[in-house]
Amino acid sequence: TCTTAFFIHIGLHAGWMGVFHGIEPLLALAVLLPVLLRRHCPPILSIGAGLAALLTGMAHMQDALAPLSDSPLFARLLAQCASPLSGLLAGTIITAILQSSSACIALLQTISSSGMLSLGSVVPVILGQNIGTCVTALLASLRAGRAARQTALLHLLFNVIGAAAVFPLLLIIRQICPAWLSIPADSAAIAWVHLACNLAAAGIFLPLRRVILAHMTQNSPRKRERLPDRPMFNLRQQSMHSECVAPCPA
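Basically this note's numbering = 1-based index in the sequence shown + 38.
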C-alpha cells in the first residue's frame, strides 16, 4: 500500500550506507560464512553478503573514477559549482544522467581524496543527487500501476522537501559560521553528511505523513481496468423452451 511504501522509503533513506562505515571485516566474514555453511546459512548472512558485494562495487567504482580527480576540466567544473545553488543543480543533473546516487556519492568520495572538496560544497551536491536519483523511479513508474506511481511520487516529495528544508539552513550556516563549511571533506565525512541530510528530511517528512498520504490517495489517477475479452455466444431457439434455461412465468 501507499502507507507501507511511505515508511519503507523513509527507512531506506535514513538508514543508508553511513552506519556501515568501518565494518568491512564483518562484511567479509558475511561473504565467507554462506560459502562454508552452504544449506544451513541463515538469511541474515545472505543479506550481509549482498551488502558486502555492494560496498565492493562502490570501491571499484571509486577506483575507476579516480582519474577524474586529476582532470583540470573537472577542477574548473567544481570551481563553477562553488555556490550552493549551482552545486544543487550540478548534483541533480549528474545523478539524473548517471541514474545512480551511489555512483554520484562514489564520485564525491573519489574527488575528496585530493582535498578539492569542502563540507560547504558537498552538502548542496548531496541534496541535488537525492533529487536527481528520483528520475529512475519516475521513469520506471510510467508504465506501472497506481501503487508504483505513488511510490515514485513519494520518493520525489521526500527528497524535494528534504532539500527545501536543509538548503536554507545551509545558507544560514554559511553566513554565521563560514569556517565550519570550509573544512575539507573526506570519504567518511561525505557518508555522514549524506546520512544527516536524510535523517533531517525524515524528521520533517514524518509529521506531514497524514496530509501527504491523504492527498496522494485522493488525487492519484486510477487506470480504468479493461474487462477481459470473452467469446460471444448465441442461444439456440430450442434452448429457450428448456425448463432449466427459459425464464419462469410470473
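For each residue, glycine too, the CB sits at the ideal point set by N, CA and C. These figures come from a predicted structure and were not determined experimentally.
Asked	Found
Identify which residue in A144, L177, I242 and W218 has its Cα closest to the Cα of M204.	Inspection of the sequence shows that residue 204 is occupied by Val rather than by Met. Among A144, L177, I242 and W218, the Cα nearest to that of V204 belongs to I242.
How long is the line joining the alpha carbons of W218 and L251, rounded to whole angstroms?	37 Å
Just curious, the alpha helix (DSSP H) that C215 is in, first and last residue?	Element bounds for C215: n/a, residue is neither H nor E.
Let me make sure I understand the geometry here. Which of S121, A178, V163 and L123 has the alpha-carbon closest to that of A141?	V163
Excluding sequence positions up to five away, which residues of its chain have a Cβ less than 6 Å from the Cβ of L177?	none
How do the region 144-158 and the region 176-191 stand: do at least 3 beta-carbon pairs fall below 8 Å, yes or no?	no
Should P245 go down as buried or exposed, given a rule of 16 or more other Cβ atoms within 10 Å for buried?	exposed
Quick one: what does DSSP say S124 is sitting in, helix, strand or coil?	helix
Pull up the distance between the alpha-carbon of T171 and that of I143, whole angstroms please.	11 Å
Does the Cβ of H232 have 16 or more other Cβ atoms within 10 Å, making it buried, or fewer, making it exposed?	buried
Secondary structure at S156, three-state DSSP: helix, strand or coil?	strand
For T133 and I214, what's the separation of their Cα atoms in angstroms?	30 Å
State the Cα-Cα distance for the pair S159 and R247, rounded to the nearest angstrom.	31 Å
Whole angstroms are fine: how far does the CA of Q167 sit from the CA of G125?	10 Å
Note down the Cα distance separating A226 from A175, rounded to an integer number of angstroms.	27 Å
Check for me: the alpha helix (DSSP H) holding T171 runs from which residue to which?	Where T171 is concerned, there is no enclosing alpha helix (DSSP H), given that its DSSP letter is neither H nor E.
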